[in-house]
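In what follows, a single structure is set out as structure tokens and then discussed.
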Amino acid sequence: MCGIIGYTGFRPACSILLEGLGRLEYRGYDSAGILVSQDGELVTIKAKGRLDSLRQKIGDHPPVGTSGMGHTRWATHGEPSDENSHPHGTKNLALVHNGIIENYIELKRGLIEKGYQFLSQTDTEIAAATMDLNYDGDPVSTIAKSLRQIEGSYAFVIMFRDFPDTVYAVRKDGPLLVAPGDGENFVVSDLTAAIGYTNRYFTLDEGEIAVLTRDSVRVVDLDGNPVEKTERTVGWSIEQAQKDGFEHFMLKEITEQPAALRNTIHPRIKNGLPSFSYDQIPEGFFASFDRIQIVACGTAMHAGLVGKAVIEQVARIPVEVEVASEFRYRNPILGKRTLVVVISQSGETADSLAALRLARSLGVTTLAVVNVAGSSIAREADYVIHTHAGPEISVASTKAYSVQVSALYLLAFSFGLAVKRIDEEEAAALVSKLEGAVDAVGAALDKAPELEQAAKRFSDVQSLFFLGRGLDWALANEGSLKLKEISYIHCEAYAAGELKHGTISLITEGIPVIALATQQRLMGKMVSNIKEVKARGADVLLIAKSDETVSHDVADTLVALSPIDDLFMPFPAVVLLQLIAYYTAKERGCDIDKPRNLAKSVTVE
Ligand code: F6R
Numbered sequence: 000m001c002g003i004i005g006y007t008g009f010r011p012a013c014s015i016l017l018e019g020l021g022r023l024e025y026r027g028y029d030s031a032g033i034l035v036s037q038d039g040e041l042v043t044i045k046a047k048g049r050l051d052s053l054r055q056k057i058g059d060h061p062p063v064g065t066s067g068m069g070h071t072r073w074a075t076h077g078e079p080s081d082e083n084s085h086p087h088g089t090k091n092l093a094l095v096h097n098g099i100i101e102n103y104i105e106l107k108r109g110l111i112e113k114g115y116q117f118l119s120q121t122d123t124e125i126a127a128a129t130m131d132l133n134y135d136g137d138p139v140s141t142i143a144k145s146l147r148q149i150e151g152s153y154a155f156v157i158m159f160r161d162f163p164d165t166v167y168a169v170r171k172d173g174p175l176l177v178a179p180g181d182g183e184n185f186v187v188s189d190l191t192a193a194i195g196y197t198n199r200y201f202t203l204d205e206g207e208i209a210v211l212t213r214d215s216v217r218v219v220d221l222d223g224n225p226v227e228k229t230e231r232t233v234g235w236s237i238e239q240a241q242k243d244g245f246e247h248f249m250l251k252e253i254t255e256q257p258a259a260l261r262n263t264i265h266p267r268i269k270n271g272l273p274s275f276s277y278d279q280i281p282e283g284f285f286a287s288f289d290r291i292q293i294v295a296c297g298t299a300m301h302a303g304l305v306g307k308a309v310i311e312q313v314a315r316i317p318v319e320v321e322v323a324s325e326f327r328y329r330n331p332i333l334g335k336r337t338l339v340v341v342i343s344q345s346g347e348t349a350d351s352l353a354a355l356r357l358a359r360s361l362g363v364t365t366l367a368v369v370n371v372a373g374s375s376i377a378r379e380a381d382y383v384i385h386t387h388a389g390p391e392i393s394v395a396s397t398k399a400y401s402v403q404v405s406a407l408y409l410l411a412f413s414f415g416l417a418v419k420r421i422d423e424e425e426a427a428a429l430v431s432k433l434e435g436a437v438d439a440v441g442a443a444l445d446k447a448p449e450l451e452q453a454a455k456r457f458s459d460v461q462s463l464f465f466l467g468r469g470l471d472w473a474l475a476n477e478g479s480l481k482l483k484e485i486s487y488i489h490c491e492a493y494a495a496g497e498l499k500h501g502t503i504s505l506i507t508e509g510i511p512v513i514a515l516a517t518q519q520r521l522m523g524k525m526v527s528n529i530k531e532v533k534a535r536g537a538d539v540l541l542i543a544k545s546d547e548t549v550s551h552d553v554a555d556t557l558v559a560l561s562p563i564d565d566l567f568m569p570f571p572a573v574v575l576l577q578l579i580a581y582y583t584a585k586e587r588g589c590d591i592d593k594p595r596n597l598a599k600s601v602t603v604e
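Positions 0 to 604 (numbering that gives the first Met the number 0) are the ones given, in order, by the sequence shown.
Here it is, written out as structure tokens:
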């Protein structure tokens, strides 16, 4: 997820672009770059690191001109570096990009045959070269032809050397808004970058090309036919807009989960089957292991617990999950056919990194599931699956967890196929259910008002329990961590059948219990466990697979999901747990995005 801005008007473009990038920096800060049209020349300046590095590089000599574009990068293809920074230029044009070009390897091959050479490792440079190759003197037909060849998600702002004061923009999946002003026009990833100058905007749809000059905004389709757009206006403050109007980054990130899941899953599906060719994982890989060891911390470890259940069920390969800080000091027994999987959002967690290094020193194969490209864990593992949650700003992890889980499901299907526990037909059915689970996440988000209401009664409790069986137990652990982390309420997650072996003595009149019952197979047992705590006075909130699978009088409150296959219920169910944590913390007036004593990336042991 990157931030992009295009500008043409009457003000100094360099300062407009830097100001806009400052507001977009939350979208990524691996590098930043600008391009200004100066006396008909497209002058580019870019720098690795935060926007301040670019500001320093520009210093007191900004390029002079009133049209340009800018980019702040969250690295996906290619490590953060000056070369990999945007804009990427060719003989005829330059562009900035937010998204992922899925067929870039194939396009690159063709371009190399035609004599193109590349300076960066990015997919973006391939898109620029594709447009350059198609350039016919008409930017609109050049862009249209290129978009028919480019696959993936993108928001592009493009400038052509022959038309140095015109800004072109297109998008597919990635966000991009056109913000018309008076005598000046903007195109931006989000309106925060232009809000100081105009509050008018419209969204660009797939298959539309925006053409911006100082005095006009034109939108055409890929055949050059004009498209009418309806403008809207916003009354946001800049502060609110930086969170896209959300009160907290956490809520924003919870709602981003369907898009994050799609971005992570889609590149790993080929012809309806799981495929990790996108990650350069070789064919034979999945048949090479008879044991899997997952190592991670916190929420990432909880994603591992779901992964264990799914891999064992689908592929029948034994999986162990361990917190990294224990694994590394335990002198673990790892055989030649053991795969160590390290899961980490940041890719920098010290214990997870140390566990990875330990595994490598013992000569076993390592696979990292990492959200931040170019991070230490991503660099050091033998194989890497980059999740595409985009930058996660709230300290409490939400969307990163869901995408980690989705990657583990696809791994489970690939292992299942490789060891012949499932055939292609079964794998294709599982993949399609996984895609369906993304829609169920969207439906779970609609439950927010019910959870906001339910959270009111947790706001002044001292202690709370989460209960579940099987996959629900794995989820209970995550629900408990999320709630204690941001609301500071003491919580415990228990395997529902285990409670009566001691901890049930803590259940007294009015103690809140959040019970999960999304697994049809375990429903009867789960209902018995709920009755056990109810009989001792617990106030039970039940999250059930649907309101038809359970009698309404089992619990004090029932929140029912839209039913999907049991195996996929963790995707919508975790959203409810995240929302409970969020609304409870909000009710208690906690600092949700920056909870006390915590940091986003734990780089100390
Ligand atoms: C909780 C949370 C932490 C992280 C843990 C590992 O909401 O975010 O528990 O999951 O610190 O961090 P990463 O995934 O960056 O290795």
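Here a beta-carbon is modelled for each residue, glycine too, at the ideal position from N, C-alpha and C.
>> Here's the rule I'm using: 16 or more other beta-carbon atoms within 10 Å means buried, otherwise exposed. How should K398 be labelled?
In response: Buried, because 16 or more other Cβ atoms sit within 10 Å of the Cβ of K398.
> Leaving out five residues before and five after T129 in sequence, what residues of the same chain have Cβ atoms less than 8 Å from its Cβ?
Replying inline: Counting only Cβ-Cβ distances below 8 Å, and skipping sequence neighbours, we find L106, L110, S145, Q148 and I149.
> For I591, which three-state DSSP category applies?
Replying inline: In the structure shown, the three-state DSSP call for I591 is coil.
> What do you get for S504, buried or exposed, if any count of 16 or more other CB atoms within 10 angstroms of its CB means buried?
Replying inline: Within a 10 Å sphere around the beta-carbon of S504 sit fewer than 16 other beta-carbons, which makes this residue exposed.
> Assuming N198 and A154 make a contact with CB atoms under 8 Å, what is their CB distance in whole Å?
Replying inline: Contact between N198 and A154 is ruled out by a C-beta separation of about 21 Å, above the 8 Å threshold.
>> Looking at the ligand F6R, does it come within less than 7 Å of S345, judged from the CB to the closest heavy atom?
In response: The closest heavy atom of the ligand F6R lies less than 7 Å from the beta carbon of S345.
>> What residue range does the beta strand (DSSP E) around E183 cover?
In response: Segment: none, E183 is in no beta strand (DSSP E) and carries neither H nor E.
> DSSP beta-bridge partners for R290?
Replying inline: DSSP output for R290 lists T337 as bridge partner(s).
>> Determine whether the beta carbon atoms of A31 and L50 lie at a separation below 8 Å.
In response: With a cutoff of 8 Å on beta-carbon distance, A31 and L50 are scored as near each other.
> Does the distance from the C-beta atom of L221 to that of A143 stay below 8 Å?
Replying inline: At the C-beta level, L221 and A143 come within 8 Å of one another.
>> Please tell me whether G67 and I44 are closer than 8 Å, where the distance is taken between their beta carbons.
In response: No. Outside cutoff.
> What's the call for K481, buried or exposed, on a 16-neighbour Cβ count within 10 Å?
Replying inline: It is buried - the Cβ of K481 has at least 16 other Cβ atoms within 10 Å.
> How about A426 and P273: are their beta carbons less than 8 Å apart?
Replying inline: Yes; because the gap between Cβ atoms is below 8 Å, this pair is in contact.
>> Quick check: what's the CA-CA separation for K228 versus H265?
In response: If you draw a straight line from the Cα of K228 to the Cα of H265, it is about 30 Å long.
>> Quick check: is any heavy atom of the ligand MG less than 7 Å from the C-beta of A353?
In response: Although the ligand MG was asked about, the structure shown includes only the ligand F6R as ligands.
> N262: which of C490, Y382, A406 and L41 sits nearest, CA to CA?
Replying inline: Comparing Cα-Cα distances from N262 to each of C490, Y382, A406 and L41, the minimum goes to A406.
> Are the region 357–372 and the region 441–460 in contact at 8 Å, needing three or more beta carbon pairs?
Replying inline: By the Cβ rule, the region 357–372 does not count as touching the region 441–460, because fewer than three pairs are nearer than 8 Å.
> Alpha carbon to alpha carbon, how far is P257 from D438?
Replying inline: Answer to the nearest angstrom: the Cα atoms are 7 Å apart.
> What residue ranges within the region 423–488 form continuous alpha helix (DSSP H) runs of no fewer than 4 residues, ordered along the chain?
Replying inline: Runs found: 423–444, 447–454 and 470–486.
>> I need the DSSP call for R54, collapsed to helix, strand or coil.
In response: Look at R54 here: in three-state DSSP terms it is helix.
>> Using 8 Å as the cut-off, can you tell me whether the region 508–519 makes contact with the region 455–472, which would need three or more C-beta pairs spanning the two stretches below that distance?
In response: These segments touch.
>> Check this for me: beta carbons of I376 and S351, under 8 Å apart or not?
In response: In contact: I376 and S351 (Cβ atoms closer than 8 Å).
> Rounded C-beta distance between M522 and V549? I'm assuming under 8 Å.
Replying inline: Indeed, because the Cβ distance is near 7 Å, the residues count as touching under 8 Å.
> L23 and D189 look like a contact to me (Cβ under 8 Å); what is the Cβ gap, rounded to whole Å?
Replying inline: Yes, they are in contact, since the Cβ atoms of L23 and D189 sit about 7 Å apart, within 8 Å.
> Can you tell which of S36, K419 and L20 has its C-alpha closest to the C-alpha of R213?
Replying inline: Nearest C-alpha to R213: S36.
> Nearest to Q312 by alpha carbon, out of F567, A559 and A554?
Replying inline: If you compare the alpha carbons of F567, A559 and A554 with that of Q312, the shortest gap goes to F567.
> What do you reckon, is the C-beta of T583 under 7 Å from a heavy atom of the ligand F6R?
Replying inline: Because no heavy atom of the ligand F6R lies under 7 Å away, the Cβ of T583 does not count as near it: no.
>> Only counting the same chain, and skipping five residues up and downstream in sequence, which positions put a Cβ closer than 7 Å to that of L249?
In response: In the sequence as presented, Leu is not what sits at residue 249; that position holds Met. Excluding sequence neighbours, M249 sits near S393, A395, T397, Y581, I591 and D592.
>> My assumption, with CB atoms under 8 Å, is that T337 sits in contact with Y400. Please give the rounded CB distance.
In response: Contact doesn't hold; Cβ gap of about 25 Å is too wide.
> Does DSSP put Q116 in a helix, a strand or coil?
Replying inline: Here Q116 sits in coil by DSSP.
> What are the boundary residues of the alpha helix (DSSP H) that includes V166?
Replying inline: Where V166 is concerned, there is no enclosing alpha helix (DSSP H), although the beta strand (DSSP E) it sits in stretches over F162 to K171.
>> Taking only three categories from DSSP, how would you classify P511?
In response: DSSP places P511 within a strand segment (E or B) once states are collapsed to three.
> If you run the structure through DSSP and keep just helix, strand and coil, what is Q279?
Replying inline: The DSSP-derived three-state label of Q279 is coil.
>> Looking at the ligand F6R, does it come within less than 7 Å of A494, judged from the CB to the closest heavy atom?
In response: Closer than 7 Å to some heavy atom of the ligand F6R: that does not describe the Cβ of A494.
> Quick one: does the C-beta of E105 sit closer than 7 Å to a heavy atom of the ligand F6R?
Replying inline: The nearest non-hydrogen atom of the ligand F6R is 7 Å or more from the C-beta of E105.
> What does DSSP give as the partner residues of H87 in its beta bridges?
Replying inline: Answer is L94, bridged to H87.
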